[in-house]
Amino acid sequence: MTLQITETAPPRTPKTRRKAPKLPLREQLIGWLFIGPFGLVFLAFLVAPLVYALYLSLFRKAMIGGTSFVLLENYTKAFTDPSFLDGAWFVIRFSLVLIPVQMLISLAMALILDMVTSRFARFSRLMIFLPYAIPAVIGALMWGFLYSKNFGPLGDFFGLFGATAPDFLSRDLIFYGLLNIVTWQWAGYYMIILYAALQGIDPTLYEAARIDGASNWQITLRIKIPLITPALLLILVFALIGTLQFFNEPKILRDLAAGAIGPDFTPNMYAYQQAFGLANFNYGSAISFALGAVVFVCVYIFLFATRKRGSFLS
Amino acid sequence: MTVSIDAASRRRRPQRHLPLQILLGFLLVYFLIPFWWVVVNSSKDASGLFGGGSALWFAEDVDFIGNLRELFTYSGGIYTRWLLNSTLYAVVGGVGATALAVLAGYGFAKYRFAGRRFSFAVLLGAVMVPATALVIPTFIMFSRLGLTNTIWAVILPSLLNPFGVYLMHVYVRDAVPDELLDAARVDGAGELRSFLQVALPMMRPAMVTVLLLSIVATWNNYFLPLAMLSDNDLYPVTVGIGQWQGIASANNSGGTSLWSIIIMGSLVSVIPLIIAFLTLQRHWRGGLAIGSLK
Numbered sequence: 001m002t003l004q005i006t007e008t009a010p011p012r013t014p015k016t017r018r019k020a021p022k023l024p025l026r027e028q029l030i031g032w033l034f035i036g037p038f039g040l041v042f043l044a045f046l047v048a049p050l051v052y053a054l055y056l057s058l059f060r061k062a063m064i065g066g067t068s069f070v071l072l073e074n075y076t077k078a079f080t081d082p083s084f085l086d087g088a089w090f091v092i093r094f095s096l097v098l099i100p101v102q103m104l105i106s107l108a109m110a111l112i113l114d115m116v117t118s119r120f121a122r123f124s125r126l127m128i129f130l131p132y133a134i135p136a137v138i139g140a141l142m143w144g145f146l147y148s149k150n151f152g153p154l155g156d157f158f159g160l161f162g163a164t165a166p167d168f169l170s171r172d173l174i175f176y177g178l179l180n181i182v183t184w185q186w187a188g189y190y191m192i193i194l195y196a197a198l199q200g201i202d203p204t205l206y207e208a209a210r211i212d213g214a215s216n217w218q219i220t221l222r223i224k225i226p227l228i229t230p231a232l233l234l235i236l237v238f239a240l241i242g243t244l245q246f247f248n249e250p251k252i253l254r255d256l257a258a259g260a261i262g263p264d265f266t267p268n269m270y271a272y273q274q275a276f277g278l279a280n281f282n283y284g285s286a287i288s289f290a291l292g293a294v295v296f297v298c299v300y301i302f303l304f305a306t307r308k309r310g311s312f313l314s
Numbered sequence: 001m002t003v004s005i006d007a008a009s010r011r012r013r014p015q016r017h018l019p020l021q022i023l024l025g026f027l028l029v030y031f032l033i034p035f036w037w038v039v040v041n042s043s044k045d046a047s048g049l050f051g052g053g054s055a056l057w058f059a060e061d062v063d064f065i066g067n068l069r070e071l072f073t074y075s076g077g078i079y080t081r082w083l084l085n086s087t088l089y090a091v092v093g094g095v096g097a098t099a100l101a102v103l104a105g106y107g108f109a110k111y112r113f114a115g116r117r118f119s120f121a122v123l124l125g126a127v128m129v130p131a132t133a134l135v136i137p138t139f140i141m142f143s144r145l146g147l148t149n150t151i152w153a154v155i156l157p158s159l160l161n162p163f164g165v166y167l168m169h170v171y172v173r174d175a176v177p178d179e180l181l182d183a184a185r186v187d188g189a190g191e192l193r194s195f196l197q198v199a200l201p202m203m204r205p206a207m208v209t210v211l212l213l214s215i216v217a218t219w220n221n222y223f224l225p226l227a228m229l230s231d232n233d234l235y236p237v238t239v240g241i242g243q244w245q246g247i248a249s250a251n252n253s254g255g256t257s258l259w260s261i262i263i264m265g266s267l268v269s270v271i272p273l274i275i276a277f278l279t280l281q282r283h284w285r286g287g288l289a290i291g292s293l294k
């Protein structure tokens, strides 16, 4: 189950082998009929916007002189624009911290829930997953309240020890404030994926290992974790794609965290500001396209590099 | 997949590791604290919120009903409108995306046709394209067509769910045997009939999962409707509450009364999806693992 861009022989169907090499026209036609409706949506709302964004990004609209073809000028501008570069640097730093933390937490929770089979554990599993069902906007709002000096409990809590509460909405700590929100929101979802993978492991493997004298730790490290590598890779890719297009949480916290989050905090926020704040659609498109392309290339390279060892997708 | 998971957990003897359970308890507190905060504070009025009482406990007068009434009457009852909009977008977008994914996943898994491998590779590539990168160009495209600020501006892009197609493909490939379809054909069933009557019922677990994932994605979407809509009456709940929050933070003194509505609004807006997840548990629990097993 590797991401096989060059797919090896179509999945084992004796039927095709009989009919090969020439595919009957009727089967082909029916196949395309099934794919067709999705294909149209795919062309209209994925391919067309991407091509259009690329096209728009090659032009510049000026007050004087109208629209002119500038080839890659928008891109050279973006990659020398401190707003874009700072935003990009922020989401990269953020992913480098967030993804390991999030994966460790969700893996630990999945392993615990795989071992403990009480009613309480089942209840916890469901509750830990719950934040996934919460819109990012509402999640950010809830944590924004908890961080807030006006309504939050942090002041009371730290007051008990005679300390001043950290302000997670301040310029210095907003990084951690956001880190906490995103972890809270997604760790449960990743945990469920890992948990399902753990439950799919044949329990006789553990018994065999135990007879050979393996401890719980050894079973976890040598059997469980290696066997769920595909699931770990899957969530890593999800986390990467999600984090690089960071938008909702900082956008919502902007109003609460006066001064800590600028309009160009992440590349996506910057593209939004350029397009909708400044009606600079050509430059906004260039940023969108650059972001999409960078994410795509990063994830693709990553999958290609891990193709042999673990395996997932397809 | 669902079946094997349930069976496996039942087969094992219950195991209680006390220290791990205590650790779980702490985790539970962490994950539930924002919910608790919202429940407690949606019962307070402005003076209860800002009056300096405990943030994690009820104030003297617990007034859920009053705040609920405020929420649903504020600004001509616009909140009801937003809830209905969210429901419309999520249901139409989610059901549509799922139907397309079911058809395409089945087509990829069970038919051989020219260009199949190439299309599938393109599909996998599309999973990796960040959805938000498409919002701005789609907006410009739609504004040329006069589609912005209509319900279609939100619904049409929500129909695109490449990951859903991929999940359906994996599931159909493994769970619907070719022999069964061949048998149906031998018995004289047409392609459409063998799909509808033989394959479709077997695809139900994956279908429920893709449906839930699509509905959640559309219900929770913020960037797309924020960009596409400018008319208050068309907003989904996420954009509406985001707007209230902006107003309330902008005028700190005059906006204080708005906060209790915002908190109540947040609470009400998360209830439908929580209920959906809790009641449909047995369906999604196994389904979420599709694509990550083996």
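Protein chains in written order, with UniProt numbering: chain Y, 1 to 314; chain F, 1 to 294. Heads up, the beta-carbon is just placed ideally off N, CA and C, and yes, glycines get one too. What you are looking at is a predicted structure, and each value in this text was computed from that prediction instead of being measured.
Return the CA-CA distance between residue i and residue j, expressed in angstroms with no decimal places.
i                     : j                     : result
residue 279 (chain Y) : residue 142 (chain F) : 15 Å
residue 87 (chain Y)  : residue 30 (chain Y)  : 47 Å
residue 15 (chain Y)  : residue 167 (chain F) : A caution first: residue 15 (chain Y) carries a pLDDT of 46, below 50, which makes its placement in the model unreliable, though a value can still be read off. Straight-line Cα distance between these residues: approximately 23 Å.
residue 293 (chain Y) : residue 129 (chain F) : 8 Å
residue 270 (chain Y) : residue 192 (chain F) : 48 Å
residue 73 (chain F)  : residue 239 (chain F) : 18 Å
residue 173 (chain Y) : residue 32 (chain Y)  : 53 Å
residue 70 (chain Y)  : residue 79 (chain Y)  : 15 Å
residue 286 (chain Y) : residue 275 (chain F) : 41 Å
residue 124 (chain Y) : residue 25 (chain F)  : 8 Å
residue 227 (chain F) : residue 137 (chain Y) : 15 Å
residue 64 (chain F)  : residue 275 (chain Y) : 41 Å
residue 168 (chain Y) : residue 19 (chain F)  : 31 Å
residue 176 (chain F) : residue 200 (chain F) : 9 Å
residue 233 (chain Y) : residue 125 (chain F) : 16 Å
residue 44 (chain Y)  : residue 161 (chain F) : 13 Å
Out of the options, which one is the CA nearest neighbour of residue i?
i                     : options                       : result
residue 111 (chain Y) : Y:46, Y:197, Y:81 and Y:83    : Y:197
residue 99 (chain F)  : F:144, F:134, F:87 and F:203  : F:203
residue 135 (chain Y) : F:218, F:282 and F:248        : F:218
residue 329 (chain F) : F:73, F:49, F:80 and F:29     : Because chain F here runs from 1 to 294, residue 329 (chain F) falls outside it and cannot be looked at.
residue 40 (chain F)  : F:23, F:60 and F:30           : F:60
residue 173 (chain F) : F:151, F:112, F:118 and F:140 : F:112
residue 95 (chain Y)  : Y:276, Y:305, Y:176 and Y:216 : Y:176
residue 41 (chain Y)  : F:68, F:147, F:87 and F:97    : F:97
residue 169 (chain F) : F:196, F:22 and F:106         : F:106
residue 283 (chain F) : F:216, F:250 and F:211        : F:211
Helix, strand or coil, according to DSSP, for residue i in the structure here?
i                     : result
residue 315 (chain F) : This structure leaves residue 315 (chain F) out entirely; chain F is present only between 1 and 294.
residue 61 (chain Y)  : strand
residue 265 (chain Y) : coil
residue 150 (chain F) : coil
residue 246 (chain Y) : coil
residue 69 (chain Y)  : strand
residue 113 (chain F) : coil
residue 182 (chain F) : helix
residue 161 (chain F) : coil
residue 282 (chain F) : helix
residue 173 (chain Y) : coil
residue 165 (chain Y) : coil
residue 257 (chain F) : helix
residue 1 (chain F)   : Note on residue 1 (chain F): pLDDT 41, under 50, position unreliable in the model; the coordinate value appears next. Here residue 1 (chain F) sits in coil by DSSP.
residue 17 (chain F)  : coil
residue 255 (chain Y) : helix
residue 50 (chain F)  : helix
residue 128 (chain F) : coil
residue 221 (chain Y) : helix
residue 203 (chain F) : coil
Could you round the C-beta distance between residue i and residue j to whole angstroms and report it? I think they count as a contact, below 8 Å.
i                     : j                     : result
residue 252 (chain Y) : residue 242 (chain F) : 6 Å
residue 249 (chain Y) : residue 133 (chain Y) : Going by Cβ atoms, the distance from residue 249 (chain Y) to residue 133 (chain Y) rounds to 16 Å, so no, they are not a contact pair.
residue 222 (chain F) : residue 154 (chain F) : Rounded, the Cβ-Cβ distance is 11 Å, inconsistent with contact.
residue 38 (chain F)  : residue 247 (chain F) : About 19 Å separates the two Cβ atoms, so there is no contact after all.
Positions along the region 124-158 of chain F whose CB lies within less than 8 Å of some CB in chain Y
124, 125, 126, 127, 128, 129, 130, 131, 132, 133, 134, 135, 136, 137, 138, 139, 140, 141, 156 and 157
- Members of the region 223-247 of chain F that neighbour chain Y once the beta carbon cut-off is set at 7 Å: 223, 227, 238, 241, 242, 245 and 246
*If you measure beta-carbon to beta-carbon, which residues of the region 128-143 of chain Y are closer than 8 Å to chain F?*
128, 129, 130, 131, 132, 133, 134, 135, 136, 137, 138, 139, 141, 142 and 143
Residues in the region 59-93 of chain F with C-beta within 7 Å of chain Y's C-beta atoms, listed in sequence order? none
| query | Got a sec: which bits of the region 24-45 of chain Y sit with their beta carbon under 7 Å from any beta carbon on chain F, in order along the chain? | reply | 27, 28, 30, 31, 32, 34, 35, 37, 38, 41, 42 and 45
Got a sec: which bits of the region 153-165 of chain Y sit with their beta carbon under 7 Å from any beta carbon on chain F, in order along the chain?
Residues passing the 7 Å Cβ filter: 153 and 156.
Give, in chain order, every residue of the region 274-285 of chain F whose Cβ lies closer than 8 Å to some Cβ of chain Y.
274, 276, 277, 278, 281 and 285
Against chain F: residues of the region 228-251 of chain Y by CB proximity under 7 Å = Those would be 230, 231, 234, 241, 244, 245, 247 and 248, in chain order.
Members of the region 274-287 of chain Y that neighbour chain F once the beta carbon cut-off is set at 7 Å: Of all residues in the region 274-287 of chain Y, those with a C-beta nearer than 7 Å to a C-beta of chain F are 275, 276, 281, 284 and 285, reading in chain order.
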